[in-house]
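Q: Chains as they are written, first to last, in the numbering used here: chain A, 89 to 262; chain B, 188 to 320.
Quick reminder that beta carbons are idealized off the backbone N, C-alpha and C, glycines included.
#1: Does residue 259 of chain B come out as helix, strand or coil in the three-state DSSP assignment?
#2: Counting only runs of 4+ residues fully inside the stretch 115-160 of chain A, write out the alpha helix (DSSP H) ranges in chain order.
#3: I'd like the span of the alpha helix (DSSP H) that includes residue 231 of chain A, first residue to last.
#4: Could you tell me if residue 196 of chain A is buried or exposed, where buried requires 16 or more neighbouring beta carbons within 10 angstroms of its beta carbon?
#5: Can you pull the chain A residues whose beta carbon is under 8 Å from the beta carbon of residue 305 of chain B, in chain order?
#6: Alpha carbon to alpha carbon, how far is residue 253 of chain B from residue 111 of chain A? Give it in angstroms, no decimals.
#7: Considering only their Cβ atoms, is the gap separating residue 199 of chain B from residue 182 of chain A smaller than 8 Å?
#8: Give me the chain B residues within the contact set of residue 168 of chain A, using Cβ-Cβ distance strictly less than 7 Å, ordered along the chain.
#9: Name the chain B residues that come within less than 7 Å of residue 244 of chain A, Cβ to Cβ?
#10: Can you check whether the C-beta of residue 204 of chain A is within less than 8 Å of a C-beta belonging to chain B?
#11: Just verifying my parser: in three-state terms, what is the DSSP assignment at residue 96 of chain A?
#12: So, is the C-beta of residue 216 of chain A closer than 8 Å to a C-beta in chain B?
#13: Closer than 8 Å, Cβ to any Cβ of chain A: which residues of the stretch 251-266 of chain B, in chain order?
#14: Is it true that the stretch 290-298 of chain B meets the stretch 253-266 of chain B, where meeting means three or more beta-carbon pairs spaced less than 8 Å apart?
#15: Considering only residues of the same chain and omitting the five flanking positions on each side of residue 230 of chain B, which have a CB-CB separation below 8 Å?
#16: Using a threshold of 7 Å, is the CB atom of residue 238 of chain A nearer than that to any non-hydrogen atom of the ligand SAH?
#17: Can you check DSSP and say which residues form a bridge with residue 228 of chain B?
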């Protein structure tokens with residue numbers, strides 16, 4: 089049997105190439121390296137692929153540079169809604185949550201859905217109750233607030249209001 | 188959107204994806220991230236996939252499951268299957284974005300069809316690689 093492998097991606101939301109500075113690039117690379125190391129540390133010790141992807145994604149969710157967890161973008165209503173999913177290749181078991189706000193690491197709640205319920209996808213109050221039952225850590229609006237995400241929302245809303253065309257594919261991405 | 192795929196030393200695969208969605212999205216809009224078979228997929232027999240991009244298109248083309256299906260039914264490699272889905276299925280149909288994937292042998296592929304992609308990967312015994320496009 090060959091060794092372990094790990095790959096991660098960390099979308100920034102609405103960052104245009106023209107706005108990338110050397111300082112920003114260094115910060116993004118640092119964030120990616122930290123997340124990769126978090127996952128690889130699990131695999132290096134003989135841990136499971138599931139534990140490794142959870143560790144890597146938690147590190148990305150904790151880093152405001154990336155659009156998930158603490159760095160989540162805002163909806164048109166000025167709120168944050170987070171979605172997450174895990175899937176285990178051993179038996180195709182899967183868990184997911186959608187439209188939630190509160191748990192610092194939505195990926196842990198997705199895993200709780202997989203491991204603690206007979207279901208695949210939970211939304212709404214019952215999903216948050218499950219997070220409480222699983223002992224997951226919650227953050228408030230201050231924890232999740234990010235000025236650059238808020239500014240991005242204002243700019244996007246202004247563009248919509250003025251009818252400005254937007255050819256940035258990243259604006260349609262997570 | 189962020190995500191990870193892994194193969195452990197026992198040959199097991201897993202995928203995880205997490206997102207805040209799109210800036211100024213309609214409240215309640217859900218993309219491909221929490222949809223198994225679309226933005227997140229894992230099956231030891233084929234591959235694990237985590238995607239990021241124009242979520243509605245990734246859902247319509249069941250991106251993750253399609254890669255596995257091409258490997259299973261056409262005998263394509265992970266690289267061939269993932270590239271086909273990203274470049275031939277998604278890209279011509281307004282499906283900008285990309286994905287990370289790993290197969291049962293530990294091979295990794297990171298295809299994308301637009302800018303704004305942030306990637307990092309490692310295989311046991313090799314140095315980590317990080318790239319931003």
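A: Put simply:
#1: Reduced to three states, the DSSP call for residue 259 of chain B is helix.
#2: For the stretch 115-160 of chain A, the full-length alpha helix (DSSP H) segments reaching 4 residues or more read 137-149 along the chain.
#3: Residues 229-232.
#4: Under a 10 Å Cβ-count criterion, residue 196 of chain A is classified as buried, with 16 or more other Cβ atoms of the shown protein chains found around its own Cβ.
#5: Going along chain A in sequence order, the residues near residue 305 of chain B (Cβ under 8 Å) are 97, 98, 99, 100, 116, 120 and 154.
#6: Cα to Cα, residue 111 of chain A sits roughly 38 Å from residue 253 of chain B.
#7: No, the Cβ-Cβ distance between residue 182 of chain A and residue 199 of chain B is not below 8 Å.
#8: Chain B residues near residue 168 of chain A: 207.
#9: The contacting residues are 210 and 211.
#10: Taking 8 Å as the CB threshold, residue 204 of chain A stays off the interface with chain B.
#11: Correct three-state label for residue 96 of chain A: strand.
#12: No, no contact with chain B.
#13: Residues are counted here when their Cβ sits less than 8 Å from a Cβ of chain A; for the stretch 251-266 of chain B the count is zero.
#14: With the cut-off at 8 Å, the stretch 290-298 of chain B and the stretch 253-266 of chain B touch.
#15: Excluding sequence neighbours, residue 230 of chain B sits near 200 and 255.
#16: With respect to small molecules bound, the structure shown includes none, and the ligand SAH cannot be examined in it.
#17: According to DSSP, residue pairing for residue 228 of chain B in a beta bridge involves B:236.
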